[in-house]
Amino acid sequence: MSQVLHTPPQAPAPADDDLAALAARHGLSVSGARPSLPEYVRQLWARRHFITAFATAKLTAQYSQAKLGQVWQVMTPLLNAAVYYFIFGVLLGTKHGVPDYIPFLVTGVFIWTFTQSSIMAGTRAISGNLGLVRALHFPRAALPLSFCLQQLQQLLFSMGALVVILLCFGVPVRVSWLLAVPALFLQFTFNAGVSMVMARMGAKTPDIAQLMPFVLRTWMYVSGVMWSIDKLAQKDSLPHVVTVALAANPAAVYIDLMRFALIDSFHASQLPAHVWALAAGWALVAGVGGFIYFWKAEETYGRG
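Going by the UniProt record's numbering, the letters in the sequence shown line up with residues 1 to 304, in that order.
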């Protein structure tokens, strides 16, 4: 004689719409979902102390294994400037006709290094910190911003050496030195925006970090770091549109603004037309555009 086992009827599984409504009713949200842009900005501002502390810690640890320690923050760009002076200034003769060539060159190297280092650090900001990205919940833009802030701190530390060089070569202290503050602010905004663009691209394709040194080296050669764009513009060997493009490229704009602020022999006539508007425009386009571009992929960082 067999017995029939009766099982109670199963309740139908709740539909996805019902689960979503239930989660919304209890204030639950999707894990890792991208917040709205105003909310994202608010979250970043709330973590401003983390951004500055992280930048300072990275800067302190950067040369912790070297015997000379933080001295390399100054020595590295100075050694680069010495090499460029020998190759471009002496062998290629780019120093001829450029007053105060050594202050001209050192200023260009220091300001270019700020942009170069910020973009390189930004390219690896996500891909090089996946452990942190996957372990903690925070707005990911904090990473490229903190790396840019680290490079700004390093530049400010190195500016002491730049001031000594300027004074040693007879460049007087002038009120125009105060123009360095807004110029650096605009350059930092531009660097941060480009760094966030590269951080998103580097998170998806880490191989970009291997390509960037070649791209940045080419950019440096056309940005007037070692030679005068103004002197080139006075020649007829290049079309006018080329010289205008060289003068308006953002790296050259920020370098020339700093030269104008710090070096008395670098005159306003050597700057491109409407230079401050140009500098602000590059900062606005790169800063706002880069931030929005990075924010749109917020939920994808650290996955895959």
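Backbone N, C-alpha and C fix where the C-beta goes; we use that ideal spot for every residue, glycine too. Please read all numbers here as calculations on a predicted model, not as lab measurements.
For residue i, collect the residues of the same chain with a Cβ closer than 6 Å to its Cβ; drop the 5 residues on either side in sequence, then sort them by chain order.
i           : result
residue 176 : 261
residue 203 : 126, 127, 301
residue 132 : none
residue 206 : 127
residue 54  : 146
Residues in the same chain with beta-carbon distance under 7 Å from residue i, minus the five sequence neighbours each way, listed in chain order, please.
i           : result
residue 161 : 74, 78
residue 282 : 190, 250, 253
residue 223 : 112, 249, 251, 252, 255
residue 278 : 248, 253, 272
Of the choices the options, whose alpha-carbon is the least far from that of residue i?
i           : options            : result
residue 194 : 287, 135, 295      : 287
residue 228 : 102, 118, 121      : 102
residue 114 : 150, 139, 123      : 150
residue 255 : 197, 235, 187, 243 : 187
residue 183 : 92, 38, 71, 280    : 280
residue 306 : 105, 272, 302, 129 : Since the first residue of the chain shown is 1 and the last is 304, residue 306 is not available in this structure.
residue 301 : 144, 108, 282      : 144
residue 107 : 226, 60, 141       : 226
residue 230 : 95, 152, 154, 205  : 95
residue 165 : 105, 245, 92       : 105
residue 296 : 141, 277, 152      : 141
residue 266 : 200, 277, 174      : 174
residue 307 : 82, 264, 156, 243  : The structure shown has nothing for residue 307, since the chain only spans 1 to 304.
residue 178 : 258, 192, 130      : 258
residue 49  : 146, 293, 240      : 146
residue 152 : 170, 277, 185      : 185
residue 291 : 244, 303, 199      : 199
residue 294 : 201, 274, 170      : 201
Rounded to a whole number of angstroms, what is the C-alpha to C-alpha distance between residue i and residue j?
i           : j           : result
residue 189 : residue 249 : 15 Å
residue 138 : residue 232 : 48 Å
residue 56  : residue 156 : 13 Å
residue 87  : residue 246 : 21 Å
residue 84  : residue 180 : 24 Å
residue 218 : residue 36  : 37 Å
residue 134 : residue 33  : 14 Å
residue 81  : residue 109 : 6 Å
residue 285 : residue 41  : 17 Å
residue 172 : residue 276 : 23 Å
residue 240 : residue 91  : 27 Å
Quick one: what's got a C-beta closer than 8 Å to residue i's C-beta in the same chain, skipping five residues either side?
i           : result
residue 120 : 209, 212, 213, 216
residue 220 : 112, 116, 251
Buried or exposed, going by whether 16 or more other CB atoms sit within 10 Å of the CB of residue i?
i           : result
residue 168 : exposed
residue 89  : buried
residue 45  : exposed
residue 123 : buried
residue 197 : buried
residue 118 : buried
residue 269 : exposed
residue 242 : exposed
residue 51  : buried
residue 327 : This structure cannot settle anything about residue 327, because the visible part of the chain is limited to 1 through 304.
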